[in-house]
Amino acid sequence: MELRQLRYFVRIVELGSMSRAALDLDMVQSALSQQVSRLESELSTRLLQRTPRGVVPTEAGVAFFREAQLTLRHAEQAVRSAQQARLSGSVSVGLAPTTSAMLGLPMMQAMRARYPDVRLHMVEGMSGHLTDMLNARALDMAVLFDARLHGGQARAGGRRWQVHPLIEEELFLIRARGHHPEPLPPQMALADLAGESLILPTGLHGLRSTLDTAFSQARFTPHLVLEVDSLSMVMAAVDAGLGSTVQPWASMGRYADAAQRFEWSRITDKDALRTNLLCSLSEDELSPAALAARVVLIDCVRQLLRGGAWAGTALIHHED
(Lines of atoms letter the chains of each structure in order from A; the text may use other names.)
(Lines give C-alpha, C1' and ligand atoms only; values in the text may rest on other atoms or scores of the structure.)
Protein backbone atom coordinates (compact mmCIF):
# COMPACT_ATOMS: atom_id res chain seq x y z
CA MET A 1 0.00 0.00 0.00
CA GLU A 2 1.31 3.42 -0.95
CA LEU A 3 0.49 6.91 0.26
CA ARG A 4 -0.45 7.93 -3.25
CA GLN A 5 -3.16 5.24 -3.30
CA LEU A 6 -4.58 6.68 -0.08
CA ARG A 7 -4.58 10.15 -1.63
CA TYR A 8 -6.37 8.88 -4.72
CA PHE A 9 -9.03 7.09 -2.69
CA VAL A 10 -9.64 10.03 -0.35
CA ARG A 11 -10.01 12.42 -3.28
CA ILE A 12 -12.49 10.14 -5.03
CA VAL A 13 -14.65 9.94 -1.91
CA GLU A 14 -14.40 13.70 -1.32
CA LEU A 15 -15.51 14.52 -4.91
CA GLY A 16 -17.95 11.62 -5.27
CA SER A 17 -16.86 11.00 -8.83
CA MET A 18 -14.10 8.99 -10.45
CA SER A 19 -13.96 11.33 -13.45
CA ARG A 20 -13.80 14.52 -11.38
CA ALA A 21 -11.12 12.99 -9.14
CA ALA A 22 -9.07 11.98 -12.19
CA LEU A 23 -9.33 15.54 -13.54
CA ASP A 24 -8.38 17.00 -10.15
CA LEU A 25 -5.41 14.65 -9.82
CA ASP A 26 -4.35 15.21 -13.43
CA MET A 27 -4.65 11.50 -14.20
CA VAL A 28 -6.29 9.33 -16.82
CA GLN A 29 -9.50 7.88 -15.37
CA SER A 30 -8.53 4.31 -16.33
CA ALA A 31 -5.24 4.66 -14.42
CA LEU A 32 -7.07 5.96 -11.36
CA SER A 33 -9.56 3.07 -11.52
CA GLN A 34 -6.66 0.64 -11.77
CA GLN A 35 -5.07 2.07 -8.60
CA VAL A 36 -8.35 1.68 -6.70
CA SER A 37 -8.70 -1.91 -7.94
CA ARG A 38 -5.18 -2.69 -6.72
CA LEU A 39 -5.99 -1.20 -3.34
CA GLU A 40 -9.22 -3.21 -3.04
CA SER A 41 -7.37 -6.36 -4.09
CA GLU A 42 -4.71 -5.79 -1.46
CA LEU A 43 -7.37 -5.24 1.22
CA SER A 44 -9.58 -8.07 -0.11
CA THR A 45 -12.68 -5.91 0.18
CA ARG A 46 -14.79 -3.53 -1.89
CA LEU A 47 -14.24 0.13 -0.98
CA LEU A 48 -16.37 1.93 -3.58
CA GLN A 49 -19.65 1.27 -5.30
CA ARG A 50 -21.10 2.98 -8.33
CA THR A 51 -24.50 4.74 -8.21
CA PRO A 52 -26.42 6.82 -10.75
CA ARG A 53 -25.01 9.91 -9.02
CA GLY A 54 -21.37 8.77 -9.00
CA VAL A 55 -19.38 6.64 -6.56
CA VAL A 56 -19.88 6.29 -2.82
CA PRO A 57 -17.87 4.38 -0.23
CA THR A 58 -19.08 1.06 1.08
CA GLU A 59 -19.17 0.47 4.85
CA ALA A 60 -15.61 -0.77 4.61
CA GLY A 61 -14.80 2.24 2.45
CA VAL A 62 -16.17 4.67 5.06
CA ALA A 63 -14.03 3.11 7.78
CA PHE A 64 -10.98 3.08 5.50
CA PHE A 65 -11.64 6.70 4.44
CA ARG A 66 -11.39 7.98 8.02
CA GLU A 67 -8.16 6.14 8.72
CA ALA A 68 -6.72 7.13 5.36
CA GLN A 69 -7.39 10.81 6.12
CA LEU A 70 -5.63 10.44 9.47
CA THR A 71 -2.66 8.69 7.88
CA LEU A 72 -2.29 11.42 5.25
CA ARG A 73 -2.43 14.13 7.91
CA HIS A 74 0.29 12.36 9.87
CA ALA A 75 2.42 12.00 6.74
CA GLU A 76 2.04 15.72 5.95
CA GLN A 77 2.98 16.60 9.51
CA ALA A 78 6.05 14.38 9.28
CA VAL A 79 7.13 16.21 6.12
CA ARG A 80 6.62 19.61 7.76
CA SER A 81 8.55 18.53 10.84
CA ALA A 82 11.47 17.34 8.73
CA GLN A 83 11.51 20.54 6.69
CA GLN A 84 11.27 22.80 9.73
CA ALA A 85 13.77 20.94 11.91
CA ARG A 86 17.05 22.77 12.52
CA LEU A 87 20.03 20.55 13.09
CA SER A 88 22.14 21.67 16.04
CA GLY A 89 25.21 20.52 17.90
CA SER A 90 28.93 20.86 17.21
CA VAL A 91 31.44 19.23 14.89
CA SER A 92 35.22 19.49 14.65
CA VAL A 93 37.03 19.22 11.32
CA GLY A 94 40.79 19.12 10.73
CA LEU A 95 42.41 20.30 7.50
CA ALA A 96 46.04 20.52 6.48
CA PRO A 97 47.18 24.00 5.41
CA THR A 98 47.14 23.19 1.68
CA THR A 99 43.67 21.70 1.92
CA SER A 100 42.48 24.53 4.14
CA ALA A 101 43.61 27.08 1.56
CA MET A 102 41.18 25.61 -0.97
CA LEU A 103 38.45 24.01 1.14
CA GLY A 104 38.33 25.91 4.42
CA LEU A 105 36.26 28.94 3.43
CA PRO A 106 33.84 27.06 1.11
CA MET A 107 33.26 24.52 3.89
CA MET A 108 32.50 27.22 6.46
CA GLN A 109 30.19 29.07 4.07
CA ALA A 110 28.30 25.90 3.11
CA MET A 111 27.82 24.83 6.73
CA ARG A 112 26.58 28.30 7.70
CA ALA A 113 24.10 28.26 4.80
CA ARG A 114 22.80 24.72 5.34
CA TYR A 115 23.07 24.26 9.10
CA PRO A 116 23.26 27.66 10.80
CA ASP A 117 22.67 26.16 14.27
CA VAL A 118 25.63 23.78 14.05
CA ARG A 119 28.77 25.12 15.71
CA LEU A 120 31.72 24.31 13.44
CA HIS A 121 35.19 23.94 14.95
CA MET A 122 37.88 24.11 12.27
CA VAL A 123 41.47 23.07 13.01
CA GLU A 124 44.39 23.69 10.67
CA GLY A 125 47.49 21.58 11.19
CA MET A 126 50.01 19.29 9.59
CA SER A 127 48.61 15.86 8.78
CA GLY A 128 50.64 14.11 11.48
CA HIS A 129 49.21 16.42 14.15
CA LEU A 130 45.68 15.93 12.81
CA THR A 131 46.14 12.16 12.94
CA ASP A 132 47.04 12.41 16.64
CA MET A 133 43.99 14.59 17.30
CA LEU A 134 41.69 12.16 15.50
CA ASN A 135 43.13 9.27 17.49
CA ALA A 136 42.51 11.24 20.69
CA ARG A 137 38.89 11.92 19.64
CA ALA A 138 39.66 15.65 19.60
CA LEU A 139 38.38 15.76 16.00
CA ASP A 140 35.33 14.20 14.39
CA MET A 141 37.02 14.06 11.01
CA ALA A 142 40.11 15.21 9.15
CA VAL A 143 41.51 15.19 5.64
CA LEU A 144 44.74 13.17 5.81
CA PHE A 145 47.38 12.10 3.31
CA ASP A 146 49.02 9.02 4.76
CA ALA A 147 49.19 6.50 1.91
CA ARG A 148 49.07 3.63 4.43
CA LEU A 149 45.41 4.53 5.09
CA HIS A 150 44.43 4.27 1.43
CA GLY A 151 42.31 1.31 0.46
CA GLY A 152 39.97 0.95 3.38
CA GLN A 153 39.38 1.52 7.03
CA ALA A 154 42.24 2.24 9.39
CA ARG A 155 42.43 1.04 12.94
CA ALA A 156 43.22 3.77 15.41
CA GLY A 157 43.40 3.45 19.18
CA GLY A 158 41.63 0.08 19.13
CA ARG A 159 38.70 1.43 17.11
CA ARG A 160 38.11 1.88 13.43
CA TRP A 161 38.04 4.98 11.30
CA GLN A 162 35.84 5.52 8.30
CA VAL A 163 38.15 6.30 5.35
CA HIS A 164 36.68 7.97 2.28
CA PRO A 165 39.12 8.61 -0.62
CA LEU A 166 38.47 12.12 -1.93
CA ILE A 167 40.96 13.35 -4.50
CA GLU A 168 44.43 12.84 -5.92
CA GLU A 169 46.67 15.88 -6.26
CA GLU A 170 49.53 16.20 -8.69
CA LEU A 171 52.79 17.46 -7.21
CA PHE A 172 54.84 20.36 -8.54
CA LEU A 173 58.36 21.66 -8.14
CA ILE A 174 57.80 25.24 -6.96
CA ARG A 175 60.42 27.95 -6.73
CA ALA A 176 60.62 31.73 -6.64
CA ARG A 177 60.79 33.69 -9.86
CA GLY A 178 63.91 35.71 -10.60
CA HIS A 179 66.38 33.50 -8.71
CA HIS A 180 67.33 31.15 -11.56
CA PRO A 181 68.71 31.87 -15.04
CA GLU A 182 66.57 29.25 -16.80
CA PRO A 183 62.78 29.00 -16.46
CA LEU A 184 61.23 25.70 -15.44
CA PRO A 185 59.82 23.41 -18.13
CA PRO A 186 56.07 22.62 -17.93
CA GLN A 187 56.84 19.19 -16.50
CA MET A 188 59.77 17.19 -15.23
CA ALA A 189 60.70 13.93 -13.51
CA LEU A 190 62.01 13.62 -9.97
CA ALA A 191 65.36 12.55 -11.39
CA ASP A 192 65.60 16.02 -12.97
CA LEU A 193 65.66 17.67 -9.51
CA ALA A 194 69.27 16.77 -8.85
CA GLY A 195 70.34 20.42 -8.85
CA GLU A 196 67.50 21.68 -6.65
CA SER A 197 67.93 22.67 -3.02
CA LEU A 198 64.71 21.40 -1.50
CA ILE A 199 62.65 22.60 1.46
CA LEU A 200 60.29 19.86 2.68
CA PRO A 201 58.31 18.87 5.79
CA THR A 202 59.70 16.16 8.05
CA GLY A 203 58.94 12.46 7.75
CA LEU A 204 56.13 12.62 10.30
CA HIS A 205 53.71 14.07 7.78
CA GLY A 206 51.70 12.66 4.90
CA LEU A 207 53.27 14.66 2.08
CA ARG A 208 56.79 13.66 3.11
CA SER A 209 55.70 10.02 3.31
CA THR A 210 54.36 10.27 -0.25
CA LEU A 211 57.53 12.01 -1.45
CA ASP A 212 59.89 9.53 0.22
CA THR A 213 58.05 6.69 -1.53
CA ALA A 214 58.30 8.51 -4.86
CA PHE A 215 62.01 9.32 -4.30
CA SER A 216 62.67 5.67 -3.52
CA GLN A 217 60.85 4.46 -6.62
CA ALA A 218 62.79 6.96 -8.75
CA ARG A 219 66.06 5.96 -7.02
CA PHE A 220 66.65 9.63 -6.36
CA THR A 221 68.23 11.18 -3.26
CA PRO A 222 66.99 14.75 -2.78
CA HIS A 223 69.26 17.56 -1.69
CA LEU A 224 67.51 18.85 1.45
CA VAL A 225 68.52 22.24 2.77
CA LEU A 226 65.61 22.81 5.16
CA GLU A 227 62.96 20.70 6.87
CA VAL A 228 60.02 22.86 7.92
CA ASP A 229 56.73 21.68 9.42
CA SER A 230 54.76 24.78 8.50
CA LEU A 231 53.38 25.48 5.05
CA SER A 232 53.47 29.24 5.53
CA MET A 233 57.16 29.09 6.51
CA VAL A 234 57.96 26.70 3.65
CA MET A 235 56.40 29.07 1.13
CA ALA A 236 58.02 32.11 2.76
CA ALA A 237 61.42 30.44 2.48
CA VAL A 238 60.76 29.53 -1.15
CA ASP A 239 59.55 33.07 -1.85
CA ALA A 240 62.79 34.41 -0.35
CA GLY A 241 64.85 32.22 -2.66
CA LEU A 242 66.20 29.89 0.06
CA GLY A 243 65.29 26.83 -1.98
CA SER A 244 62.55 25.05 -3.90
CA THR A 245 59.79 22.79 -2.65
CA VAL A 246 57.65 19.96 -3.95
CA GLN A 247 54.01 20.57 -3.08
CA PRO A 248 50.54 20.31 -4.59
CA TRP A 249 49.26 23.34 -6.48
CA ALA A 250 47.04 24.22 -3.52
CA SER A 251 50.12 25.29 -1.54
CA MET A 252 49.97 28.54 -3.54
CA GLY A 253 46.26 28.96 -2.93
CA ARG A 254 46.64 31.82 -0.45
CA TYR A 255 48.78 33.89 -2.84
CA ALA A 256 46.62 36.04 -5.08
CA ASP A 257 49.78 36.91 -7.05
CA ALA A 258 51.19 33.37 -7.15
CA ALA A 259 51.92 33.58 -10.89
CA GLN A 260 54.11 36.64 -10.27
CA ARG A 261 55.89 35.21 -7.21
CA PHE A 262 56.48 31.60 -8.23
CA GLU A 263 57.15 29.32 -11.14
CA TRP A 264 56.26 25.63 -11.10
CA SER A 265 56.65 22.41 -13.04
CA ARG A 266 54.46 19.31 -12.76
CA ILE A 267 56.22 16.16 -11.56
CA THR A 268 55.50 13.32 -13.96
CA ASP A 269 56.51 10.28 -11.86
CA LYS A 270 53.50 8.01 -11.35
CA ASP A 271 54.13 7.86 -7.59
CA ALA A 272 54.25 11.65 -7.26
CA LEU A 273 50.57 11.94 -6.39
CA ARG A 274 49.11 12.89 -3.03
CA THR A 275 45.91 11.11 -2.06
CA ASN A 276 43.48 13.10 0.09
CA LEU A 277 41.49 10.87 2.44
CA LEU A 278 38.52 11.99 4.51
CA CYS A 279 39.04 10.08 7.77
CA SER A 280 36.35 10.22 10.41
CA LEU A 281 35.36 8.44 13.57
CA SER A 282 33.16 5.39 13.06
CA GLU A 283 29.52 5.85 12.10
CA ASP A 284 28.23 5.06 15.58
CA GLU A 285 30.49 7.69 17.13
CA LEU A 286 29.48 10.54 14.83
CA SER A 287 26.66 12.85 15.85
CA PRO A 288 23.96 13.90 13.35
CA ALA A 289 25.78 17.24 13.01
CA ALA A 290 29.05 15.46 12.19
CA LEU A 291 27.37 13.17 9.67
CA ALA A 292 25.86 16.23 7.97
CA ALA A 293 29.22 18.03 7.97
CA ARG A 294 30.88 15.05 6.32
CA VAL A 295 28.38 15.20 3.46
CA VAL A 296 28.89 18.97 3.14
CA LEU A 297 32.68 18.57 2.98
CA ILE A 298 32.45 16.01 0.18
CA ASP A 299 29.98 18.22 -1.71
CA CYS A 300 32.31 21.21 -1.40
CA VAL A 301 35.25 19.22 -2.78
CA ARG A 302 33.20 18.11 -5.78
CA GLN A 303 31.98 21.64 -6.47
CA LEU A 304 35.52 23.05 -6.32
CA LEU A 305 36.74 20.46 -8.81
CA ARG A 306 33.79 20.94 -11.15
CA GLY A 307 34.35 24.68 -11.14
CA GLY A 308 38.06 24.32 -11.91
CA ALA A 309 39.06 26.14 -8.73
CA TRP A 310 41.35 23.35 -7.47
CA ALA A 311 44.03 22.90 -10.14
CA GLY A 312 46.09 19.74 -10.51
CA THR A 313 43.43 17.67 -8.80
CA ALA A 314 41.27 14.71 -9.82
CA LEU A 315 38.28 13.21 -8.03
CA ILE A 316 38.67 9.62 -6.88
CA HIS A 317 35.67 7.70 -8.18
CA HIS A 318 34.37 4.86 -6.07
CA GLU A 319 31.13 3.11 -5.28
CA ASP A 320 29.02 4.79 -2.58
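In UniProt numbering, the protein residues as written are 1 to 320.
Even for Gly, the Cβ is constructed at its ideal location relative to N, Cα and C.
N- and C-terminal bounds of the beta strand (DSSP E) containing residue i
i             : result
isoleucine 12 : No beta strand (DSSP E) holds isoleucine 12; the alpha helix (DSSP H) holding it covers 3-15.
glutamate 263 : 262-267
valine 228    : Premise fails: valine 228 is in no beta strand (DSSP E) and is neither H nor E.
leucine 198   : 197-200
serine 251    : From DSSP, serine 251 is part of no beta strand (DSSP E); its letter is neither H nor E.
leucine 43    : No beta strand (DSSP E) holds leucine 43; the alpha helix (DSSP H) holding it covers 29-43.
arginine 119  : 118-124
alanine 142   : 141-144
Range covered by the alpha helix (DSSP H) that runs through residue i
i              : result
alanine 218    : Neither: alanine 218 is in no alpha helix (DSSP H) and is coded neither H nor E.
methionine 111 : 97-114
histidine 129  : 127-135
proline 288    : 288-306
leucine 23     : 18-24
Identified DSSP bridge partners for residue i
i             : result
glutamine 162 : Ser280
threonine 313 : Glu169
proline 57    : Leu48
serine 232    : Serine 232 is not bridged to any residue.
serine 244    : Leu198
histidine 179 : According to DSSP, which records beta bridges pairwise, histidine 179 is partnered with nothing at all.
arginine 274  : Glu169
glycine 89    : Val118
Cβ distance (whole Å) where residue i is taken to contact residue j below 8 Å
i                 : j              : result
phenylalanine 172 : isoleucine 267 : 6 Å
threonine 275     : proline 165    : 6 Å
Burial state of residue i, where buried means 16 or more other Cβ atoms lie within 10 Å
i                 : result
arginine 119      : exposed
glutamine 247     : buried
aspartate 140     : buried
residue 321       : Absent from the model: residue 321. The displayed extent of the chain is 1 to 320, so no value can be given.
phenylalanine 237 : A small fix is needed here, since residue 237 is alanine in this sequence, not phenylalanine. Classification of alanine 237: buried, given that the 10 Å Cβ count is 16 or more.
cysteine 300      : buried
arginine 50       : exposed
leucine 134       : buried
isoleucine 174    : buried
leucine 198       : buried
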